[in-house]
Ligand SMILES: [Zn+2]
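Numbering (our numbering), first residue to last: 8 to 362.
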């Protein structure tokens, strides 16, 4: 082949390659063009509509609406987070359903989030609460999650309560502790002043004891008051003996106003303590409230997790006379709610049920 022919052949090759490239380029462009066109048409239409009303910037979501706005739960519940309906609201009040790219977080010791489920601890008690934050991009909405253990759910057909270990359990004249119930975490009241030499009653459940120690310590620190523990845990058997001796001495009618039947005493729970002071000669009666110590206890016990379980004027509800000396441990959150509501424990639970 001559030099000239070679040159021509190369030129022809270049033309073919260029042509193929052009065809290839056109094909790709055309294919993409067609597939994009549909979207573009929609986008154009959308933009046009928005442009007409001149509010395209108002379509940006500026607020979230979440249903429900508040969630009442109970211990050990598992809540599917998809059950919270999330709506995005734009500046011009247009609402769109949001079902992806949502993030959840929760505060509070008794809650956890795992695999799109909100888990409530089995130890959670009434009034425990947390804030569930639902986020979408940089906007978020808070939902209050609150625990309410309904009394009706925690009792069996024989009027025996089924949540004896829970700090929010309610024992009274219709709600009994089982005759063989003994708290598993009783501790001796070693580091606080006691009145009687009796190892059984000088005991409380650990959390109640720790709280009582704190209460006694603060009474001394803040007011120089010295408080004494007189009667804490009482076994079913001890209560049985006590009740029978009261009935023998006072008759059943009178005994029932100040003494619990076995199984119906809060003292069996290990969460109740009778306290007194020197001005009372270390005895228990309702003049305790007239002492400066008794007044301080009434106004401050909730700070440490205790309530005055049998308040004045509520005898027909609690079934017991006023006992300013009888404290019941329920934890700080619940104690504060009950204290502020000025209700008895029974009324507090009833009121929650009707809300
Ligand atoms: Zn008592």
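Each residue gets a CB set at the ideal place from its N, CA and C atoms; glycine is no exception. Values in this document were obtained by computation on a predicted structure and should not be read as measured data.
{"query": "By DSSP, does residue 245 sit in helix, in strand, or in coil?", "result": "helix"}
{"query": "Can you list, in chain order, the residues of its chain whose CB lies under 8 Å from that of residue 284, leaving out five sequence neighbours each side?", "result": "232, 233, 234, 235, 295, 298, 300, 301"}
{"query": "Does DSSP put residue 361 in a helix, in a strand, or in coil?", "result": "helix"}
{"query": "For ligand 1, I want to know if residue 292 counts as a neighbour, meaning its beta carbon is within less than 6 Å of at least one of the ligand's heavy atoms.", "result": "no"}
{"query": "Let me check you understand the geometry: is the CB of residue 248 closer than 6 Å to at least one non-hydrogen atom of ligand 1?", "result": "no"}
{"query": "Please determine whether the Cβ atom of residue 281 lies at a distance below 6 Å from any heavy atom of ligand 1.", "result": "yes"}
{"query": "Quick check: what's the CA-CA separation for residue 193 versus residue 152?", "result": "31 Å"}
{"query": "Pick helix, strand or coil for residue 275, following the three-state DSSP scheme.", "result": "helix"}
{"query": "Between which two residues does the alpha helix (DSSP H) holding residue 260 run?", "result": "259 to 265"}
{"query": "Where residue 262 and residue 286 are concerned, what is the direct C-alpha to C-alpha distance, given to the nearest angstrom?", "result": "26 Å"}
{"query": "Can we say the segment 124 to 144 touches the segment 314 to 332, given the rule of at least three CB pairs closer than 8 Å?", "result": "no"}
{"query": "Is the beta carbon of residue 111 less than 7 Å from the beta carbon of residue 88?", "result": "yes"}
{"query": "Helix or strand or just coil, what does DSSP make of residue 90?", "result": "helix"}
{"query": "Report the partner residues of residue 149 according to the DSSP bridge assignment.", "result": "140"}
{"query": "Beta-carbon within less than 7 Å of residue 271's beta-carbon, same chain only, minus the 5 sequence neighbours each way: which residues are those?", "result": "178, 179, 180, 183"}
{"query": "For residue 66, I'd like the list of residues in its chain whose CB is within less than 6 Å of its CB, leaving aside the five on either flank, ordered along the chain.", "result": "97"}
{"query": "Would you identify the three-state DSSP class for residue 223, choosing helix, strand or coil?", "result": "helix"}
{"query": "For a quick check, are the C-beta atoms of residue 109 and residue 93 less than 7 Å apart?", "result": "yes"}
{"query": "Would you tell me roughly how many angstroms separate the C-alpha atoms of residue 282 and residue 211, rounded to the nearest one?", "result": "13 Å"}
{"query": "Measuring CB atoms only, is the segment 317 to 324 touching the segment 253 to 260, in the sense that at least three cross pairs come out at less than 8 Å?", "result": "no"}
{"query": "What does DSSP give as the partner residues of residue 97 in its beta bridges?", "result": "68"}
{"query": "Run through DSSP, which three-state label would residue 294 get?", "result": "helix"}
{"query": "Could you tell me if residue 313 is buried or exposed, where buried requires 16 or more neighbouring beta carbons within 10 angstroms of its beta carbon?", "result": "buried"}
{"query": "Less than 8 Å between the CB atoms is what I'm expecting for residue 207 and residue 245, so what's the real figure, rounded?", "result": "6 Å"}
{"query": "Can you give me the Cβ contacts of residue 200 inside the same chain, cut-off strictly under 6 Å, excluding the 5 residues immediately before and after it?", "result": "235"}
{"query": "Helix, strand or coil: which one does DSSP assign to residue 182?", "result": "strand"}
{"query": "If you check the beta carbons only, do residue 343 and residue 309 fall under 7 Å apart?", "result": "yes"}
{"query": "Could you check the C-alpha separation between residue 335 and residue 196 for me, to the nearest Å?", "result": "16 Å"}
{"query": "From 74, 361, 339, pick the residue whose C-alpha is nearest to that of residue 217; which is it?", "result": "339"}
{"query": "What does the Cβ neighbour count give for residue 361, buried or exposed, with the cut at 16 atoms within 10 Å?", "result": "exposed"}
{"query": "May I ask whether a heavy atom of ligand 1 can be found less than 6 Å away from the beta carbon of residue 309?", "result": "no"}
{"query": "Within this structure, are the beta carbons of residue 273 and residue 279 separated by less than 7 Å?", "result": "yes"}
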